[in-house]
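Q: What follows is a single structure, and I will ask about it in a moment.
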Amino acid sequence: MDKNFYITTPIYYPSANPHMGHAYSSIIADFFARFKRIQGHNVFFLTGTDEHGQKIQRAAEKRGVDPKKFCDEISKTFRDLSRLLNLSNDDFIRTTEKRHSKSVENLWKILEKKGEIYLSKYSGWYSVSDEAFYTEDEIEEINSKKKSKVSGSPVEWIEEESYFFKLSKWQEPLLKFYNENPNFILPESRKNEVISFVKNGLKDLSVSRKSFSWGIKVPSNKDHVIYVWLDALTNYLSALNYPDINDKLYKDFWPASVHLIGKDILRFHAIYWPAFLLAANIKPPKRVYGHGWILSGEEKMSKSKGNILDPIEIINNYGLDPLRYYLIKEVSFGNDGNISKEKLESCINSDLANNFGNLCQRVVAFNEKNLNLKIPNQYEFITDDKKILEIYNSNYNNLINDIDNQNINNYMNFIQNQLFSANKYFNDQEPWNKKTDLKRMNSIVYVSLELIRKISILLYPIIPNSALKVLKIFNIDEKQIDLSSIKEHELLKKNSNINKISILFKKIESKND
Ligand code: MSP
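In our numbering, the protein residues as written are 3 to 515.
Given below as structure tokens:
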């Protein structure tokens, strides 16, 4: 089994401050990174900012500042957001860094040397907002404005000398690659979209621009800057110290395990990126997963639409873990999902405060009163106990499999069911009525504590801070979390001390009460 796991988020445009869509991509990637770490994998988790191109140049001009200064400022807000979201990223890359331009220039030179790039002239539509070229059939006119049918963004006509990448030549090899690597693009529906797009025919791709200067220069012709997507995609290699292919990071982590992206940037990751890499004789990533959008009402949440739920404001008002839990649970992974403050509040109350928080409080308080904050000494499992404990063991491989296929929904369902079952177990077994049968009372408490331990381990990738607080009951710290320990039923040492915990999640009072 491959023990190395490399996961990436998209690198974000620092053209505006971060919003919920960015937070979503990052939180999901962090979830996978944390899960694989506690599964015992050697993980590299990368995020960063995508700082070149016309979009950024224009945004900087609009503010009247030098683009580098502009990027320094906004890139910092993304770095700060990473901390605020408690991301466990191992690196944060900026495309304005030297290590990155070196890597892009090298990739360019290889492509040029291999005859994959030629000089010609581009005339066609370009969307600065998407940094994408569109064909005539991808354009429509709305209120006498030309827009991309694909993204809805405005397009402009450009005509300039440009280098082209021979994308058309890679049509058949790409189809062969998709066929041989059926899980390269997930979810399945997106894969079909990509395959039919490629089957429709690929045109050579313009990979340089001449009419502005904010970017990495074409090594052999300084009048041109390298197309921002060729530049940006290469970040995934730069962070591993490419072009030094003997570097340990590169050797351990390339090809990437998963590029996690939003569905709007699938074309770049699932078509252009593997084509560039195949052409340069570099292995493509193992998987590109295109998640859905966070919607507000029926629309994509985005700055230009002005319908933003600000992650920073939500975190300040409700806390980080509630936001992480809510986004992972509420948005059916792979699909679009609507979010709202009302639904967030009810999720905090039901799942976090009532089900998880309350379970921990009740069991520990009962233990304190009756067992003096000690793990029970004498216990014996009856069928009910074994049944509920066994569920973790018998579902272990399925859970791993779910995560390896980015099936977060199954994982979340499992946790929700187990939270419900654990509460029900404690209620039904009525330890408070077993004061004359101390062994039974002890057994119920032991099982309940084991359930709390197991559930907290499963919750750790989702709500790391809260899960760690709970695991502190048992003096388990972050480095000691081992996913496979959920298969064990008697890990808690008899007679050892446990710690009390403070309230984990405050219930939100409804404004209508
Ligand atoms: N810079 C490029 C990515 C380059 S990767 C080599 C880019 N940046 S972005 O800032 O516009 O978007 C980054 C990610 O945020 C994309 O995956 C996009 O799908 C995601 N989101 C932006 N708005 C979103 C929602 N409303 N919902 C969910 N994710 C969305 O594209």
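Each residue gets a CB set at the ideal place from its N, CA and C atoms; glycine is no exception.
1) DSSP three-state label for Tyr-448, please.
2) Considering Cα atoms alone, identify which of Tyr-8, Gly-50 and Asn-248 is closest to Ile-95.
3) Expressed to the nearest angstrom, what Euclidean distance is found between the alpha-carbon atoms of Tyr-394 and Ser-423?
4) Would you call the CB atoms of Asn-91 and Phe-47 closer than 8 Å?
5) Assign Glu-53 to buried or exposed, taking buried as 16 or more other Cβ atoms, counted over all protein chains shown, within 10 Å of its Cβ.
6) In whole angstroms, what separates the C-alpha of Asn-409 from that of Pro-184?
7) When you compare the CB positions of Gly-339 and Ile-296, do they come within less than 8 Å of one another, or not?
8) Among Tyr-274, Glu-190 and Ser-210, which residue has its Cα nearest to the Cα of Leu-169?
9) Mind the definition here: the region 53 to 65 touches the region 28 to 42 only if three or more C-beta pairs lie below 8 Å; say whether that holds.
10) Going straight from the alpha carbon of Ile-267 to that of Leu-373, what length do you get?
11) Measuring only the C-alpha atoms, how far is Ile-377 from Ile-478?
12) How big is the Cα-Cα spacing for Ile-405 and Val-290?
13) For my contact list, Leu-391 and Val-449 are in at a C-beta cut-off of 8 Å; report their separation, rounded to the angstrom.
14) Taking only runs that begin and end inside the region 9 to 73, name each unbroken beta strand (DSSP E) of 3 or more residues, in chain order.
15) Using the three-state DSSP reduction, which class does Trp-434 fall into: helix, strand or coil?
16) Which same chain residues end up closer than 8 Å to Val-196 when comparing Cβ atoms and leaving out the 5 residues on each side of it in sequence?
17) Is Asn-237 near the ligand MSP, going by C-beta to nearest heavy atom under 7 Å?
18) Taking 6 Å as the limit between beta carbons, can you name the residues of its chain near Pro-463, skipping five residues before and five after?
19) Under 8 Å: do the region 418 to 438 and the region 350 to 359 share three or more Cβ pairs, one atom per stretch?
20) Helix, strand or coil: which one does DSSP assign to Glu-107?
21) Three-state secondary structure (DSSP) at Leu-506?
22) Check each candidate in Leu-232, Ser-129 and His-293 and name the one with the smallest Cα separation from Val-260.
23) If we call anything under 8 Å between Cβ atoms a contact, is Phe-476 one with Pro-324?
24) Could you check if Ser-27 belongs to the surroundings of the ligand MSP, using beta carbon to heavy atom distance under 7 Å?
25) I need the straight-line Cα distance from Ile-500 to Lys-71, nearest angstrom please.
26) Using the beta-carbon count (16 or more within 10 Å), is Gln-482 buried or exposed?
27) Can you find the residues in the same chain that come closer than 7 Å, C-beta to C-beta, to Lys-111, ignoring five residues on each side of it along the sequence?
28) Threshold first: 3 residues or longer. Then list the beta strand (DSSP E) segments lying entirely within the region 263 to 322, N to C.
A: On the basis of the data shown:
1) Your numbering for residue 448 matches position 446 in the sequence shown. Three-state result, Tyr-448: helix.
2) If you number the sequence shown from 1, residue 95 lands on position 93. The option with the nearest alpha carbon to Ile-95 is Gly-50.
3) Counted from its first residue, the sequence shown places residue 394 at position 392. Counted from its first residue, the sequence shown places residue 423 at position 421. Going from the Cα of Tyr-394 to the Cα of Ser-423 covers about 12 Å.
4) Start at 1 with the first residue of the sequence shown, and residue 91 comes out as number 89. Start at 1 with the first residue of the sequence shown, and residue 47 comes out as number 45. A contact, by the Cβ cut-off of 8 Å.
5) Here the question's residue 53 lines up with position 51 in the sequence shown. When all chains shown are included, Glu-53 counts as buried.
6) As a position in the sequence shown, residue 409 is number 407, starting the count at 1. As a position in the sequence shown, residue 184 is number 182, starting the count at 1. Going from the Cα of Asn-409 to the Cα of Pro-184 covers about 16 Å.
7) Position 337 of the sequence shown, counting from 1, holds the residue named residue 339. Position 294 of the sequence shown, counting from 1, holds the residue named residue 296. For Gly-339 and Ile-296, yes; Cβs fall inside 8 Å.
8) In the sequence shown, the residue the question calls residue 169 occupies position 167. Out of Tyr-274, Glu-190 and Ser-210, Tyr-274 has the C-alpha closest to the C-alpha of Leu-169.
9) The answer is no - the region 28 to 42 does not touch the region 53 to 65, with fewer than three Cβ pairs under 8 Å.
10) Your numbering for residue 267 matches position 265 in the sequence shown. Your numbering for residue 373 matches position 371 in the sequence shown. About 56 Å.
11) Taking the first residue of the sequence shown as 1, we reach residue 377 at position 375. Taking the first residue of the sequence shown as 1, we reach residue 478 at position 476. Whole-angstrom Cα-Cα distance: 14 Å.
12) Counting from 1 along the sequence shown, the entry for residue 405 is found at position 403. Counting from 1 along the sequence shown, the entry for residue 290 is found at position 288. Each residue's Cα considered, the two are about 14 Å apart.
13) One-based indexing of the sequence shown puts residue 391 at position 389. One-based indexing of the sequence shown puts residue 449 at position 447. Correct: roughly 6 Å between the Cβ atoms.
14) Those beta strand (DSSP E) runs which fall completely within the region 9 to 73 and span 3+ residues are 44 to 51.
15) Against the sequence shown, residue 434 aligns to sequence position 432. Of the three classes helix, strand and coil, the one that applies to Trp-434 here is helix, per DSSP.
16) As a first step, residue 196 is located in the sequence shown; it is residue number 194 there, counting from the start. Only Tyr-180, Ile-187, Leu-268, Arg-269, Ala-272 and Ile-273 meet the Cβ criterion.
17) Here residue 237 is taken as the residue at index 235 of the sequence shown, counted from 1. Yes, the ligand MSP has a heavy atom inside 7 Å of this Cβ.
18) The residue you call residue 463 lines up with position 461 of the sequence shown. Closer than 6 Å at Cβ, skipping near neighbours: Phe-33, Arg-36 and Phe-37.
19) yes
20) Working through the sequence shown from its first residue, we reach residue 107 at position 105. Secondary structure of Glu-107 (DSSP, three-state): helix.
21) As a first step, residue 506 is located in the sequence shown; it is residue number 504 there, counting from the start. DSSP places Leu-506 in coil when its eight states are reduced to three.
22) The residue given as residue 260 occupies position 258 in the sequence shown. Minimum Cα distance to Val-260 is reached at His-293.
23) Locating residue 476 in the sequence shown gives position 474, counting from the first residue. Locating residue 324 in the sequence shown gives position 322, counting from the first residue. No; because the gap between Cβ atoms is not below 8 Å, this pair is not in contact.
24) By 1-based counting over the sequence shown, the position of residue 27 is 25. Ser-27 Cβ: within cutoff of the ligand MSP.
25) Along the sequence shown, one-based indexing puts residue 500 at 498. Along the sequence shown, one-based indexing puts residue 71 at 69. Rounded to the nearest angstrom, the two C-alpha atoms are 52 Å apart.
26) On the sequence shown, residue 482 is found 480 positions in, with the first residue counted as 1. Taking every protein chain shown into account, the CB of Gln-482 has fewer than 16 other CB atoms within 10 angstroms, so this residue is exposed.
27) The residue you call residue 111 lines up with position 109 of the sequence shown. In chain order, Pro-221 place their CB closer than 7 Å to the CB of Lys-111, counting only its own chain and leaving out the 5 sequence neighbours on each side.
28) 290 to 293 and 296 to 298
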